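J.: Positions 248 to 596 (the numbering used here) are the ones given, in order, by the sequence shown. All residues carry an ideal CB built from backbone N, CA and C; glycine is no exception. Just so we're clear, the structure is a prediction, and the values are computed from it rather than from any experiment. I'd like to ask some things about the structure below.
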Amino acid sequence: MTVSPDQIEWPDAARHSAFLAWITPLADSQGLRLDTLAPASADASFRRYFRLATQDGGSRIVMDAPPPQEDVRPFIDIAGRIARAGLHAPAVLAADEAQGFVLLADLGRTPYLAALREASAAQADTLMRDAFKALVQFQGQVDPSGLPAYDDALLRRELALFPEWCVQREFGITWTEAQQGLWTRVCDALVASALAQPTVAVHRDWMPRNLMLSEPNPGILDFQDAVRGPVTYDVASMLRDAFISWDEEREIDWTVRYWERARRAGLPVNEDFGEYWRQVEWMGLQRHLKVLGIFCRLKHRDGKPAYSADLPRFFAYATKVAMRYAPLKPLLPLIEPMQDAKVAVGYTF
248 MTVSPDQIEW PDAARHSAFL AWITPLADSQ GLRLDTLAPA SADASFRRYF
298 RLATQDGGSR IVMDAPPPQE DVRPFIDIAG RIARAGLHAP AVLAADEAQG
348 FVLLADLGRT PYLAALREAS AAQADTLMRD AFKALVQFQG QVDPSGLPAY
398 DDALLRRELA LFPEWCVQRE FGITWTEAQQ GLWTRVCDAL VASALAQPTV
448 AVHRDWMPRN LMLSEPNPGI LDFQDAVRGP VTYDVASMLR DAFISWDEER
498 EIDWTVRYWE RARRAGLPVN EDFGEYWRQV EWMGLQRHLK VLGIFCRLKH
548 RDGKPAYSAD LPRFFAYATK VAMRYAPLKP LLPLIEPMQD AKVAVGYTF
C-alpha cells in the first residue's frame with residue numbers, strides 16, 4: 248500500500264520521507280489504508296490534517312505539525328485531560344512527538360459551524376445547549392494544574408497584536424501620544440477585569456469551528472493552547488464567534504442557562520448575573536481585539552488573507568461593547584477610522 252502522491256503536497260522531500268517512514272509501519276497495527284490519505288482540514292497555524300480510511304470501514308485523522316513551528320506535546324497532554332474529564336476529544340492512537348506526527352480517532356465530518364449555519368432556531372438551540380453543558384464539565388473537571396497562566400503579561404501581549412498588525416499594518420494608522428494613552432486606559436480596564444475573575448481550565452478557542460457533531464456531542468478539537476484563566480473566557484468565545492453571530496436576546500438566554508448550570512456544578516461564576524454578563528462582555532472585547540490583530544497578521548505575515556474578510560464582524564462586536572460601558576468608551580474614537588460607518592457615542596453603564 249502506498250500514499251498517493253497526487254493527494255498531498257509536501258513542503259519538502261525530507262518531510263515527506265519522514266512521514267512515510269512513520270506512517271507505513273502503522274498500516275498493519277492500526278488497519279490503515281494508506282492509499283486513501285487525503286486532506287481533511289487546515290487551520291490558521293502550521294498544522295494540517297489528513298483523513299484516511301481503515302480496513303474495517305472507519306477512518307482516522309493524521310496531524311502534521313512540523314517542528315519547530317509546532318509542538319504536539321501540549322495537544323497530547325490536553326487530549327488526555329479532556330478524556331479523563333469524561334468529554335469527547337480525539338483519542339491519540341500513535342504519535343512521534345519529535346517529528347510532529349500524530350494519529351487520531353476521527354470525530355466526524357460536520358463541524359458545529361457548518362451545522363449551525365444550516366440549523367433551524369430549535370436545532371441551533373439544542374446544539375448551543377450541548378456546547379455549554381460540555382463547557383461546564385470542561386471547566387469543572389479538566390485538571391488545570393500545570394497549565395500556563397492567563398496572566399497579565401499574556402493578556403497584554405495579546406492586546407498588543409491589535410495596534411501592531413491591525414492599526415499599523417492593515418490600516419496604516421499611527422496613533423498620537425494622546426491616542427496611545429486612550430488605548431492604555433482601555434487595556435488596563437480589560438486586564439484588570441480578567442485578572443479579578445476566578446480561574447479554571449480555559450480551552451481558549453471554544454467556538455463552533457472547533458466543536459464537532461459527534462456522539463457523545465460535542466467532539467472537542469484544537470485545545471492545545473489551553474491555559475488556566477478567567478472563568479468567562481470560553482463563554483465569550485462561544486457566544487461571539489469569528490464566523491457566526493447571534494442576536495443579543497439569544498446570547499443572553501444561552502448565557503443564563505450556562506450560568507445556572509455552572510452555579511449548580513459549583514463553578515466560581517459571579518453570583519450576580521448582571522455582573523457576570525459584564526465580565527463576559529469585557530472578556531469578549533479583549534479576545535476580539537486580539538483576534539483583529541491575529542487576522543491581520545495572518546494576512547500580512549502568513550499570506551492567508553481570507554481571515555480579514557471577518558474584520559467587520561469583530562469591529563461590530565467591539566463597538567457594541569465599548570458603547571455600553573463608560574470605562575471602555577475611549578476605544579470608540581480609536582476604532583472609528585477603521586470602520587466604514589461612524590459610531591454614535593453613547594453608553595449606559
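1. Decide yes or no for the touch test of the segment 429-440 against the segment 374-386: beta carbon pairs closer than 8 Å, at least 3 of them.
2. List the endpoints of the continuous alpha helix (DSSP H) containing residue 274.
3. Does the count of Cβ pairs from the segment 418-431 and the segment 356-365 closer than 8 Å reach three?
4. If we count the other Cβ atoms within 10 Å of its Cβ and call it buried at 16 or more, is residue 548 buried or exposed?
5. Please state whether the Cβ-Cβ distance between residue 294 and residue 312 is less than 8 Å.
6. Are the CB atoms of residue 284 and residue 271 within a distance shorter than 8 Å?
7. Might you give, ordered along the chain, the residues of its own chain that have their beta carbon closer than 6 Å to the beta carbon of residue 266, omitting 5 neighbours on each side?
8. Once the 5 residues before and after residue 344 are set aside, which same chain residues still bring their CB inside 6 Å of it?
9. Among the candidates 258, 276, 316 and 525, whose CA atom is the shortest distance from the CA of residue 499?
10. Taking a contact to mean a Cβ-Cβ separation below 8 Å, would you say residue 475 touches residue 439 in this structure?
11. With a threshold of 16 other CB atoms inside 10 Å of the CB of residue 560, please say whether the residue is buried or exposed.
12. Could you give the first and the last residue of the continuous beta strand (DSSP E) run that contains residue 490?
13. Could you tell me which residues DSSP puts in a beta bridge with residue 477?
14. If you check the beta carbons only, do residue 308 and residue 338 fall under 8 Å apart?
15. If you run the structure through DSSP and keep just helix, strand and coil, what is residue 419?
16. Could you give the distance in angstroms between the alpha-carbon of residue 391 and the alpha-carbon of residue 332?
17. Drop a sphere of 10 angstroms on the beta-carbon of residue 511, count the other beta-carbons inside from all chains shown, and report buried for 16 or more, exposed for fewer.
T.: Quick look at the numbers:
1. no
2. For residue 274, the enclosing alpha helix (DSSP H) stretches over residues 273-277.
3. no
4. exposed
5. yes
6. No, these two residues do not count as a Cβ contact at 8 Å.
7. none
8. 319 and 320
9. 525
10. Residue 475 is not a Cβ neighbour of residue 439, given a cutoff of 8 Å.
11. buried
12. Run containing residue 490: none; DSSP gives neither H nor E here.
13. Residue 477 is bridged to 446.
14. No, these two residues do not count as a Cβ contact at 8 Å.
15. coil
16. Approximately 11 Å between the Cα atoms of the pair.
17. exposed
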